[in-house]
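Report on the structure given below.
Residue numbers (the working numbering): -5 to 446.
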């Protein structure tokens, strides 16, 4: 006997719905608080359920809601010691599409819990139950580092506006980022007025500032068009720079902690791919989880939106482009990794040159390389063997050569009717097809005459 228990988790509580094999509710949906008393009531409910049905197997699942579901899933894992319970963390996107397929117009917490239970029933063969979350700690550290990066970017954006008013001439040095020497310079001399009265010897004490650069900076400061010279602006610039330096130190500290505590074999495997550093490997593993979620590399590429798509509907045709569905985080990691791999990884470099030779623009060629790199990631994770360019080359030679498929026609039962009420665009397309067909007939006739 199988029952399906769906949890719709909210902050501080959760709604529960349980269905039998005929998709009928066993009891009316109920709500419990995320407290010791609520967990105790859940345990009593499960105990009564298994007392009535000793041969029962219970499938329980909750959407991934950013951590609110962890306490409930941990409660079920404790109950697994006594009862036959299979627990799963479910992708919310699957529930969303299931709800759209059911054509539900009204969505409440009890209805959402029932939808999760129905989803467990419909897809229990492909849902991965009782999977240990080995990346839980890494995910928390990664989230903190990314948060610090966003805060640093916000501070630099604010600093950019202040420097444009207080010392716009030095902004030519931060076109490709903010070098540390420039932050030190602006911390000591926040405005052009203060910088103009500085001494060259004082400026050259700052690392990476030589005498010629110091003279140029002083000359620009004395001729500056800066409008902000007040003490409030000076204080704001100094405070923001101190915060930026502090954020950079925190980012490096937490990166070192995360990488030193990471001992996953999959991270070491991905680090063997030229172009993927250990930090990027951690990010990829956090997003991918386990390769067993995907039956093929093609499915993985499709899940993360790296695959090309082509759409045609009626008279309209959209060109081939990257779908960009799924997680944008993994595409960001792949993009930066490909920029390195194009220069240092022979496999990716060859694919990049091949794409450019096919008249693709540089960004399209980079997209092709992102798809190639993700397929390599899948192969390395599945085989458990570190990256080897020779293995990739051997796999390419094994792949059968594609034969030109026979031209398929959708007009097998009726030729194109000139009187059909089609659009102007479709009419033009039909005329071009008929003209091309007539040219082929003429060419074949001339060739046949010449041969005879």
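By construction, the Cβ of each residue, glycine as well, lies at the ideal position given by its N, Cα and C atoms. All of these numbers come straight from a predicted model, not from anything done at the bench.
List the residues that DSSP assigns as beta-bridge partners of residue i.
i, result
"residue 55", "0 and 82"
"residue 337", "Looking at the DSSP assignment, residue 337 forms no beta bridge with any residue, so it has no partner."
"residue 293", "Paired residue(s): none; residue 293 is not in a bridge."
"residue 10", "1 and 24"
"residue 19", "13"
Assuming residue i contacts residue j (C-beta within less than 8 Å), just tell me the rounded distance between them.
i, j, result
"residue 492", "residue 220", "Outside the shown range of the chain (-5 to 446) lies residue 492, about which nothing can therefore be said."
"residue 481", "residue 253", "Any answer about residue 481 is impossible in this case: the structure gives the chain only from -5 up to 446."
"residue 53", "residue 96", "Actually they do not touch by this definition, with Cβ atoms about 19 Å apart."
"residue 294", "residue 372", "5 Å"
"residue 84", "residue 110", "7 Å"
"residue 123", "residue -2", "With a Cβ gap of about 12 Å, residue 123 and residue -2 do not count as contacting."
"residue 3", "residue 63", "4 Å"
"residue 315", "residue 303", "6 Å"
"residue 354", "residue 362", "7 Å"
"residue 90", "residue 113", "About 10 Å separates the two Cβ atoms, so there is no contact after all."
From residue i to residue j, what does the alpha carbon distance come to, in whole angstroms?
i, j, result
"residue 334", "residue 174", "23 Å"
"residue 366", "residue 76", "46 Å"
"residue 276", "residue 132", "8 Å"
"residue 410", "residue 318", "37 Å"
"residue 368", "residue 205", "48 Å"
"residue 181", "residue 150", "13 Å"
"residue 338", "residue 344", "11 Å"
"residue 198", "residue 351", "48 Å"
"residue 1", "residue 56", "5 Å"
"residue 8", "residue 230", "45 Å"
"residue 268", "residue 384", "13 Å"
"residue 145", "residue 156", "17 Å"
"residue 414", "residue 426", "16 Å"
"residue 59", "residue 94", "19 Å"
"residue 44", "residue 14", "13 Å"
"residue 322", "residue 135", "19 Å"
"residue 239", "residue 202", "17 Å"
"residue 212", "residue 195", "12 Å"
"residue 428", "residue 412", "11 Å"
"residue 171", "residue 148", "13 Å"
"residue 264", "residue 381", "8 Å"
"residue 50", "residue 138", "42 Å"
"residue 82", "residue 247", "34 Å"
"residue 67", "residue 274", "29 Å"
"residue 127", "residue 140", "20 Å"
"residue 388", "residue 129", "33 Å"
"residue 102", "residue 297", "28 Å"
"residue 210", "residue 167", "12 Å"
"residue 430", "residue 424", "10 Å"
"residue 300", "residue 328", "10 Å"
Go through its chain and collect everything with a Cβ distance to residue i's Cβ below 6 Å, but skip five positions before and after it.
i, result
"residue 360", "332"
"residue 32", "26"
"residue 69", "33"
"residue 121", "82"
"residue 291", "369 and 372"
For the alpha helix (DSSP H) that contains residue i, what are its first and last residues?
i, result
"residue 385", "383 to 392"
"residue 231", "225 to 255"
"residue 200", "That residue, residue 200, is in no alpha helix (DSSP H); it is neither H nor E in DSSP."
"residue 276", "272 to 282"
"residue 260", "259 to 265"
"residue 175", "174 to 182"
"residue 76", "Where residue 76 is concerned, there is no enclosing alpha helix (DSSP H), given that its DSSP letter is neither H nor E."
"residue 416", "Element bounds for residue 416: n/a, residue is neither H nor E."
"residue 404", "Element bounds for residue 404: n/a, residue is neither H nor E."
"residue 133", "130 to 160"
"residue 190", "186 to 190"
"residue 369", "356 to 377"
"residue 40", "30 to 46"
"residue 116", "103 to 116"
"residue 206", "205 to 216"
Let's see if you can read the secondary structure: which residues bound the beta strand (DSSP E) around residue i?
i, result
"residue 25", "24 to 27"
What does a CB cutoff of less than 7 Å around residue i pick up in its chain, not counting 5 residues either side in sequence?
i, result
"residue 376", "285"
"residue 260", "279 and 375"
"residue 160", "184, 185, 186, 220, 222, 227 and 231"
"residue 442", "Only weak support exists for where residue 442 lies, its pLDDT of 42 falling under 50; the value from the coordinates is given anyway. Excluding residues within five positions, none has a Cβ falling inside 7 Å."
"residue 6", "27 and 28"
"residue 98", "105"
"residue 71", "81"
Go through its chain and collect everything with a Cβ distance to residue i's Cβ below 8 Å, but skip five positions before and after it.
i, result
"residue 165", "154, 157 and 158"
"residue 358", "349"
"residue 266", "374, 380 and 381"
"residue 86", "57, 58 and 59"
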